[in-house]
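J.: Supplied in structure tokens, the structure appears directly below.
There are 2 protein chains.
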Amino acid sequence: MVPINSRNGPTVSHWGENKLLQEIRLWLGDASPPSPEGIGDDAAILKNSALPSAVTNDSLVYGKHFAEEAPPESVGAKLLNRCISDLAAMGAEPHHALLACLLPPDTSVEWLQSFYGGLRKTARACDTRIVGGDVTSTHRDLAFSMTLTGYLEANRPLTRKSGRPGDTLWVTGDLGGSSLGKHLHFEPRLGEGVWMAHHGGVTSAIDISDGLGIDLYRLAPAHGVICLDTAKIPISPTSHEMARSSGHSPLWHAFNDGEDYELLFTVQAACAKDAFARNWHREFDTPVTCIGRLEESEKGEGNRIRLSGPGHAEDLLGGYEHFKST
Amino acid sequence: MVPINSRNGPTVSHWGENKLLQEIRLWLGDASPPSPEGIGDDAAILKNSALPSAVTNDSLVYGKHFAEEAPPESVGAKLLNRCISDLAAMGAEPHHALLACLLPPDTSVEWLQSFYGGLRKTARACDTRIVGGDVTSTHRDLAFSMTLTGYLEANRPLTRKSGRPGDTLWVTGDLGGSSLGKHLHFEPRLGEGVWMAHHGGVTSAIDISDGLGIDLYRLAPAHGVICLDTAKIPISPTSHEMARSSGHSPLWHAFNDGEDYELLFTVQAACAKDAFARNWHREFDTPVTCIGRLEESEKGEGNRIRLSGPGHAEDLLGGYEHFKST
Chain A
419 MVPINSRNGP
429 TVSHWGENKL
439 LQEIRLWLGD
449 ASPPSPEGIG
459 DDAAILKNSA
469 LPSAVTNDSL
479 VYGKHFAEEA
489 PPESVGAKLL
499 NRCISDLAAM
509 GAEPHHALLA
519 CLLPPDTSVE
529 WLQSFYGGLR
539 KTARACDTRI
549 VGGDVTSTHR
559 DLAFSMTLTG
569 YLEANRPLTR
579 KSGRPGDTLW
589 VTGDLGGSSL
599 GKHLHFEPRL
609 GEGVWMAHHG
619 GVTSAIDISD
629 GLGIDLYRLA
639 PAHGVICLDT
649 AKIPISPTSH
659 EMARSSGHSP
669 LWHAFNDGED
679 YELLFTVQAA
689 CAKDAFARNW
699 HREFDTPVTC
709 IGRLEESEKG
719 EGNRIRLSGP
729 GHAEDLLGGY
739 EHFKST
Chain B
419 MVPINSRNGP
429 TVSHWGENKL
439 LQEIRLWLGD
449 ASPPSPEGIG
459 DDAAILKNSA
469 LPSAVTNDSL
479 VYGKHFAEEA
489 PPESVGAKLL
499 NRCISDLAAM
509 GAEPHHALLA
519 CLLPPDTSVE
529 WLQSFYGGLR
539 KTARACDTRI
549 VGGDVTSTHR
559 DLAFSMTLTG
569 YLEANRPLTR
579 KSGRPGDTLW
589 VTGDLGGSSL
599 GKHLHFEPRL
609 GEGVWMAHHG
619 GVTSAIDISD
629 GLGIDLYRLA
639 PAHGVICLDT
649 AKIPISPTSH
659 EMARSSGHSP
669 LWHAFNDGED
679 YELLFTVQAA
689 CAKDAFARNW
699 HREFDTPVTC
709 IGRLEESEKG
719 EGNRIRLSGP
729 GHAEDLLGGY
739 EHFKST
């Protein structure tokens, strides 16, 4: 099934906005509460919790973040799961979502229905309500933009850059080769993130979306250096698979591919590594690996990442940048 | 200044995502609090109020909602003001905004800076913080999607469809001809909406975005008829101006143009019209006009809008539908 389809089957321009909005409400079913708590009024009305909220925003563009052959259900699931991964990296549980649909006139309504099916299933699985949205017509691009709110049950967020010298550096799962399938079919590390926010020993966290080689810089505190042993990086089987034809090493793929949706985080030096890993595995089957530590930066040291082990920093660090056409 | 500009001045593809995000934070200045309350972490952290929240979402697409000649400051202001108008129609005060930018590679950064300037100025004027966002590259379309949250100070929302037979029907300001300028330069009826939510006599409300001829249906309760005297409609001077060359009547423009961003609302029969208008004008200079009332629908009556006065229903009711190419 393809998203843009002017020849076969009805499109959004055949239906018009009113019919489309009516159908979207049916497609969402009980994942969308009735108005005014959900879609159908000028705004959605939410009861507030005494807990602080976390709120994030993410977009998917056809031909950039998903291709013609991507199953629409997976695209719907991916959009929500990307936002959930952001909340997980703050230690927050998802609650309410709003979805803006930017649709060219020849968007297939059959494709859109399956997209909403995937979104609905994912929303129900994590107890998230789709409370609002908007459909807008574009000239050519098909895009979706989601805003997701959640609550910080632990009453403190897992921020970036808040690690301290001596902290150990950890990563969940394994890295690289996401484009072979994981980028569409991943499970955000939500339970792990919420647990980490409750665990006083975890000092900072980020989810790996643009690749370890970029997201390391975003986690590094202003006056600290991340010292990382590349021999310890958990490299995914798909990194090895891609390396067979890409001309890059599996390690390069682990640093550069991105869309891993794993959590990269720091733990206080006072928490012994073995004890932390034991506690973790009492809760989760998810692999967790200590890959380095934070140190004081030395006088005049510019780079905030110091690598030891196989590979070269200039090859491994940098990652993907949007817009740049290099 | 034009938004898409591959020949003169830097574009987002020259800058790349990292530089663009850094500059956006500078452009927003104190309209965006530091992380983790604002931009810069996986999600923004918000303290909650005990009051219920209202949340809405709206998008603008270049070539659909704003043209090449629109000043970029006005486009930034328009996006936020459209969302504020939605909140005003619920009786909520704006609080936190997130902005998704969907940008083709040749988007002019100079244009974008001015867009953010207009957004910042509008946000500061209404005490709204830009707490998050996202920049994503598209193939061709330039679009912005905003999510805005607010608090219901009155602790009750102004919903649609909640009017009762006997209620009077009112509208703020005047209607039609918005495309001659008001669509870019309007002030949402925020103070009025919040006041209405506190006024126990106001039973339902909507903001007029698609045109009176469409939004009347959205306000009409399921088992009621809106009876409207077209002679009472406050027709804007620009409706008269457009009618001189459009082949339509000024009344037609008042019903069909849309983008009025006025509030359409109902008031309990127990509130005498004169007394309501006197109370209103103690608070606001904004014009307010009683244009009709709600009645019980008669047995078998299908249409939920009944017009008296000049003009024909089939000509006046219907309004604009997105996507439809008629």
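Chains A and B, in that order, are what the protein sequence lines are.
Under our numbering, the first residue of the first sequence is numbered 419, with each subsequent residue one higher.
Under our numbering, the first residue of the second sequence is numbered 419, with each subsequent residue one higher.
Glycine residues also receive a C-beta, built at the ideal position from the N, C-alpha and C atoms.
None of these values were measured; they are calculated from a predicted model.
At a Cβ cut of 7 Å, what residues of the segment 440 to 461 of chain A count as close to chain B, listed as they run along the chain?
T.: Within the segment 440 to 461 of chain A, the qualifying residues are P454, D459, D460 and A461.
J.: Would I624(B) pass as an interface residue toward chain A - the criterion being a Cβ-Cβ separation below 8 Å?
T.: The sequence position of residue 624(B) within the second sequence is 206, counting from 1. Taking Cβ atoms only, chain A reaches closer than 8 Å to I624(B), which makes this a yes.
J.: Comparing the C-beta of N466(B) with each C-beta of chain A, is any distance below 8 Å?
T.: If you number the second sequence from 1, residue 466(B) lands on position 48. So, interface residue.
J.: I'd like the list of long-range same chain contacts for Y738(A), defined as Cβ closer than 6 Å, with 5 residues on each side in sequence excluded.
T.: Here residue 738(A) is taken as the residue at index 320 of the first sequence, counted from 1. Any reading at Y738(A) needs caution, since the residue's pLDDT is 49, under 50, leaving its predicted position unreliable; the model's value is listed next. Here the set comprises D628, G629 and G676.
J.: At the level of alpha carbons, what is the spacing between E610(A) and R574(A)?
T.: In the first sequence, residue 610(A) corresponds to position 192, counting from 1. In the first sequence, residue 574(A) corresponds to position 156, counting from 1. Each residue's alpha carbon lies about 15 Å from the other.
J.: Going along chain A in order, which residues have a C-beta closer than 8 Å to the C-beta of S477(B)?
T.: Here the question's residue 477(B) lines up with position 59 in the second sequence. Within chain A, the residues near S477(B) are A518, L520, D552, T554 and S563.
J.: Could you check if A690(A) is buried or exposed, using at least 16 other CB atoms within 10 Å of its CB as the buried criterion?
T.: By 1-based counting over the first sequence, the position of residue 690(A) is 272. Counting Cβ neighbours within 10 Å, A690(A) comes out exposed, since fewer than 16 surround it.
J.: Exposed or buried, what is G494(B) when buried is set at 16 or more other beta-carbons lying within 10 Å of its beta-carbon?
T.: Looking up residue 494(B) in the second sequence gives position 76. Buried, since its Cβ has 16 or more Cβ neighbours within 10 Å.
J.: Just to make sure I have the definition right: I need the residues of chain A whose C-beta is within less than 7 Å of the C-beta of S640(B). Which are they?
T.: Here residue 640(B) is taken as the residue at index 222 of the second sequence, counted from 1. The sequence given here has Ala at residue 640(B), not Ser. Residues of chain A passing the Cβ test: none, with the nearest at roughly 12 Å.
J.: Short check: CB of Q686(A) to CB of G642(A), under 8 Å?
T.: As a first step, residue 686(A) must be located in the first sequence, where it is residue number 268. As a first step, residue 642(A) must be located in the first sequence, where it is residue number 224. No, these two residues do not count as a Cβ contact at 8 Å.
J.: Ignore the nearest five residues each way along the sequence and tell me which others in D448(A)'s own chain have a CB closer than 8 Å to its CB.
T.: Along the first sequence, read from residue 1 onward, the residue named residue 448(A) stands at position 30. The residues are R542.
J.: Enumerate in chain order the residues of its own chain whose CB-to-CB distance from L734(A) is below 6 Å, with the five nearest sequence positions on each side excluded.
T.: Working through the first sequence from its first residue, we reach residue 734(A) at position 316. The answer, listed in chain order, is G631 and F673.
J.: Along chain A, which residues have their Cβ under 8 Å away from the Cβ of D733(B)?
T.: What you label residue 733(B) is simply residue 315 of the second sequence in a count that begins at 1. Those within 8 Å of D733(B) in chain A number zero; the least Cβ separation is about 19 Å.
J.: Give me the residue from R547(A), W529(A), T556(A) and A561(A) with the minimum Cα distance to N426(A).
T.: Taking the first residue of the first sequence as position 1, residue 426(A) is located at position 8. When each option's Cα is compared against that of N426(A), the closest is W529(A).
J.: Among R538(A), K539(A), P489(A) and G458(A), which one has its Cα closest to the Cα of M419(A)?
T.: On the first sequence, residue 419(A) is found 1 positions in, with the first residue counted as 1. That would be P489(A), whose Cα lies nearest to the Cα of M419(A).
J.: Does the Cβ-Cβ distance between L560(B) and P428(B) come in under 8 Å?
T.: In the second sequence, counting from the first residue as 1, residue 560(B) sits at position 142. In the second sequence, counting from the first residue as 1, residue 428(B) sits at position 10. Taking 8 Å as the Cβ cut-off, L560(B) and P428(B) do not qualify as a contacting pair.
J.: Do L516(A) and G481(A) come within 8 Å of each other at the CB atom, strictly closer than that value?
T.: For the purposes of this step, residue 481(A) is taken as residue 63 along the first sequence, with counting starting at 1. For the purposes of this step, residue 516(A) is taken as residue 98 along the first sequence, with counting starting at 1. Contact: no.
J.: Taking 6 Å as the limit between beta carbons, can you name the residues of its chain near G535(B), skipping five residues before and five after?
T.: Residue numbering aside, residue 535(B) sits at position 117 when the second sequence is read from its first letter. Cβ within range, chain order: E491.
J.: Could you work out which residues of chain A lie near G481(B), taking near to mean beta carbons separated by less than 7 Å?
T.: Stepping through the second sequence from its first residue, residue 481(B) is reached at position 63. Those are H557, listed as they occur along chain A.
J.: Any residues in the segment 502 to 516 of chain B with a beta carbon nearer than 9 Å to a beta carbon of chain A? Which ones, in chain order?
T.: Within the segment 502 to 516 of chain B, the residues whose Cβ lies closer than 9 Å to some Cβ of chain A are S503, D504, L505, A506, A507, M508, A510, H514 and L516, listed in chain order.
J.: On a Cα-Cα basis, can you pick out the residue from R696(A), D678(A), F533(A) and P583(A) that is closest to C640(A)?
T.: The residue given as residue 640(A) occupies position 222 in the first sequence. The residue you asked about is not Cys; residue 640(A) is Ala in the sequence shown. Considering only alpha carbons, the answer is P583(A).
J.: Can you pull the chain A residues whose beta carbon is under 8 Å from the beta carbon of R425(B), in chain order?
T.: The sequence position of residue 425(B) within the second sequence is 7, counting from 1. Near R425(B) there are no residues of chain A at all, since even the closest Cβ is about 16 Å away, more than 8 Å.
J.: Mind checking whether the beta-carbon of A688(B) lies closer than 7 Å to any heavy atom of the ligand SAH?
T.: With respect to the ligand SAH, the structure shown offers nothing to examine, as it has no ligands at all.
J.: Considering N436(A), what are the terminal residues of the alpha helix (DSSP H) in which it resides?
T.: Indexing the first sequence from 1 puts residue 436(A) at position 18. N436(A) -> alpha helix (DSSP H) spans E435 to L446.
J.: According to DSSP, is S743(B) helix, strand or coil?
T.: The sequence position of residue 743(B) within the second sequence is 325, counting from 1. Per-residue confidence for S743(B) stands at a pLDDT of 49, beneath the threshold of 50, marking its modelled position as unreliable; the derived number appears in the next sentence. In the structure shown, S743(B) sits in coil (DSSP, three-state: anything other than H, G, I, E or B).
J.: What is the C-beta distance between R547(A) and G456(A), in whole angstroms, given that I count them as a contact (C-beta under 8 Å)?
T.: Position 129 of the first sequence holds residue 547(A). Position 38 of the first sequence holds residue 456(A). Confirmed, about 7 Å.
J.: Please return the same chain residues whose Cβ sits closer than 8 Å to the Cβ of T648(B), not counting the five positions on each side in sequence.
T.: As a working note, residue 648(B) is residue 230 in the second sequence. Here the set comprises L669, L725, S726, G727, P728, G729 and L734.
J.: Candidates R443(A), K600(A) and T704(A): which alpha carbon is nearest D613(A)'s?
T.: For the purposes of this step, residue 613(A) is taken as residue 195 along the first sequence, with counting starting at 1. Going by the sequence as given, residue 613(A) is Trp instead of Asp. The shortest Cα separation from W613(A) among R443(A), K600(A) and T704(A) belongs to T704(A).
J.: For a test of the three-state rule: what should DSSP assign to P655(A), helix, strand or coil?
T.: Against the first sequence, residue 655(A) aligns to sequence position 237. Here P655(A) sits in helix by DSSP.
J.: In angstroms with no decimal places, state the Cα-to-Cα distance between T744(B) and K437(A).
T.: Residue mapping note: residue 744(B) aligns to position 326 of the second sequence, counting from 1. Residue mapping note: residue 437(A) aligns to position 19 of the first sequence, counting from 1. A caution first: T744(B) carries a pLDDT of 39, below 50, which makes its placement in the model unreliable, though a value can still be read off. Each residue's Cα considered, the two are about 15 Å apart.
J.: If N475(A) sits next to S563(A), beta carbons under 8 Å apart, how far is it from one beta carbon to the other, in whole angstroms?
T.: The count along the first sequence starts at 1 and reaches residue 475(A) at position 57. The count along the first sequence starts at 1 and reaches residue 563(A) at position 145. The Cβ separation is near 7 Å, so the contact holds.
J.: Can you grab the Cα-Cα spacing for the pair A518(B) / M660(A), in whole Å?
T.: The residue labelled residue 518(B) in the question sits at position 100 within the second sequence. The residue labelled residue 660(A) in the question sits at position 242 within the first sequence. A518(B) and M660(A): Cα-Cα distance of roughly 32 Å.
J.: So for A687(A), helix, strand or coil by DSSP?
T.: Taking the first sequence and counting its residues from 1, the one referred to as residue 687(A) is at position 269. Looking at A687(A) - three-state DSSP - the assignment turns out to be coil, as it is neither helix nor strand.
J.: Could you please give me the residues that DSSP links to P512(B) through a beta bridge?
T.: Here residue 512(B) corresponds to residue number 94 of the second sequence, with the count starting at 1. In the DSSP output, where bridge partners are listed per residue, P512(B) has G568(B).
J.: Considering only C-alpha positions, which residue in the set T684(A), G434(A) and R696(A) is nearest to N526(A)?
T.: Position 108 of the first sequence, counted from the first residue, corresponds to residue 526(A). Per the sequence shown, residue 526(A) should be read as Ser rather than Asn. Of the candidates T684(A), G434(A) and R696(A), the one whose C-alpha sits nearest the C-alpha of S526(A) is G434(A).
J.: Going by DSSP in three states, Y738(B) sits in which element: helix, strand or coil?
T.: Start at 1 with the first residue of the second sequence, and residue 738(B) comes out as number 320. The pLDDT assigned to Y738(B) is 49, lower than 50, so where the model puts this residue is not dependable, and the model offers no usable value.
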